[in-house]
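Enquirer: What the sequence shown shows, in my numbering, is residues 185 to 443, in sequence order.
Quick reminder that beta carbons are idealized off the backbone N, C-alpha and C, glycines included.
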Amino acid sequence: MKNTAQRLRVAEGRGEKAPPPKRTVPCMQTTWPHMLFPRIAATVPLVFPFDQPGLRYRYFARNAVWDAVQLLGLAGKKVLMPAYHHGVELETLLAAGVQPVFFRVDAQMRADFDDARAKSAGAAALYVIHYAGFPQDMHAARCLANELRVPVIEDCALALLSRDGEKPLGSFGDVSIFCLYKTIPVPNGGALLARGEHANNLDLLPPVTPPPVPSTASHLIGSMLSNLELRTGEVGRRTREALRNASRWFVRRANVERV
185 MKNTAQRLRV AEGRGEKAPP PKRTVPCMQT TWPHMLFPRI AATVPLVFPF
235 DQPGLRYRYF ARNAVWDAVQ LLGLAGKKVL MPAYHHGVEL ETLLAAGVQP
285 VFFRVDAQMR ADFDDARAKS AGAAALYVIH YAGFPQDMHA ARCLANELRV
335 PVIEDCALAL LSRDGEKPLG SFGDVSIFCL YKTIPVPNGG ALLARGEHAN
385 NLDLLPPVTP PPVPSTASHL IGSMLSNLEL RTGEVGRRTR EALRNASRWF
435 VRRANVERV
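#1: Are PRO284 and VAL263 touching if we call contact CB-CB under 8 Å?
#2: Identify every residue that forms a DSSP beta bridge with VAL336.
#3: Can you have a look at GLN292 and say buried or exposed, based on whether 16 or more other CB atoms are within 10 angstroms of its CB?
#4: Kindly indicate the opening and closing residues of the alpha helix (DSSP H) around PHE287.
#5: Roughly how many angstroms lie between the CA atoms of ALA325 and VAL336, to the nearest whole one?
#6: Using CA coordinates, which residue listed in VAL249, LEU344, VAL397 is at the minimum distance from VAL231?
#7: Just confirm the distance between the C-beta atoms of LEU342 and ILE361, as a whole number of angstroms; I'd bet it's less than 8 Å.
#8: Evaluate VAL443 with the Cβ neighbour count: other Cβ atoms within 10 Å of its Cβ, from every protein chain shown; 16 or more gives buried, anything less gives exposed.
#9: Taking C-beta to C-beta, are ALA302 and VAL334 nearer than 8 Å?
#10: Ends of the alpha helix (DSSP H) at SER360?
#11: Does DSSP put ALA383 in a helix, in a strand, or in coil?
#12: Report the rounded CA-to-CA distance for GLY420 versus ASN372, giving the unit in angstroms.
#13: In or out: ARG330 buried (at least 16 other Cβ within 10 Å) or exposed?
#14: Quick check on ALA430: does DSSP put it in helix, strand or coil?
#15: Enumerate, from N- to C-terminal direction, the unbroken beta strand (DSSP E) stretches of 3 or more residues contained entirely within the segment 220-266.
#16: Are GLY131 and ALA280 touching if we call contact CB-CB under 8 Å?
#17: If you reduce the DSSP assignment to three classes, tell me which class ARG326 lands in.
#18: How would you call THR276, buried or exposed, if buried means at least 16 neighbouring beta carbons within 10 angstroms?
#19: In or out: HIS314 buried (at least 16 other Cβ within 10 Å) or exposed?
#20: Looking at the strands, I want to know which residues DSSP matches up with LEU377.
#21: Does the beta-carbon of CYS363 have 16 or more other beta-carbons within 10 angstroms, so that it is buried, or is it exposed?
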């Protein structure tokens, strides 16, 4: 890390582009061929949330956000939403017809539920995000939700397998959202967990069609190439860039819309 920072400073001082590091740390889990085959016996008990009966798998976490809006009947209604967010969850809420009402998040990424309470007039749900796996004050969130008599949507896209003490994140909300590929080595995957009375209404959601094979294969190959870059450095980086450029050329030639 020290050598990389030094190269960046030298290049910046010369007005040059910094050379790529010899090794990189990927921002998400990567895959490798041997990971495609099960290595744990089916008798090993599942952990939360995979052991929950109200869990439904989706292609991306954003699909689970969309389903949460439908499950809770939030289209056309106000939802208390943290002002600091990734962006894609907000885009999904807007596309589903939700009216977001933003409340403050401080510099330590802690939700200000007092500010949310001050802006809660007419709110139909409270949306809470656990940033980078660190838990929000879910006691304060539940107290506010109970006070307003609204459900809590608990966004655990970056908090799969995280806990607050002995209680797993995702077990506080009425509906919880998970992103699988940001934590475990899979090419894609999201999940919706409904609890309590909302779990009884999961059958009202439209059936989910299997994901398209080309998209899944594309994500899988990209994940394997990231692993190759991690293992081999420059060789893997050049291979990954070459294949990425080739795929972009193919997409342009085929006039395929990227989403």
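Expert: Result, derived from the coordinates:
#1: yes
#2: LEU310
#3: exposed
#4: First-last for PHE287: 283-287, but that is the beta strand (DSSP E), not the alpha helix (DSSP H).
#5: 8 Å
#6: LEU344
#7: Not confirmed; about 10 Å, so no contact.
#8: Any reading at VAL443 must be qualified, since the residue scores a pLDDT of 48, below 50, and its modelled position is unreliable; no value is offered.
#9: no
#10: First-last for SER360: 359-363, but that is the beta strand (DSSP E), not the alpha helix (DSSP H).
#11: helix
#12: 22 Å
#13: What sits at residue 330 in the sequence shown is Asn, not Arg. It counts as exposed.
#14: helix
#15: 239-242, 262-266
#16: Since the first residue of the chain shown is 185 and the last is 443, residue 131 is not available in this structure.
#17: helix
#18: buried
#19: buried
#20: LEU239, SER360
#21: buried
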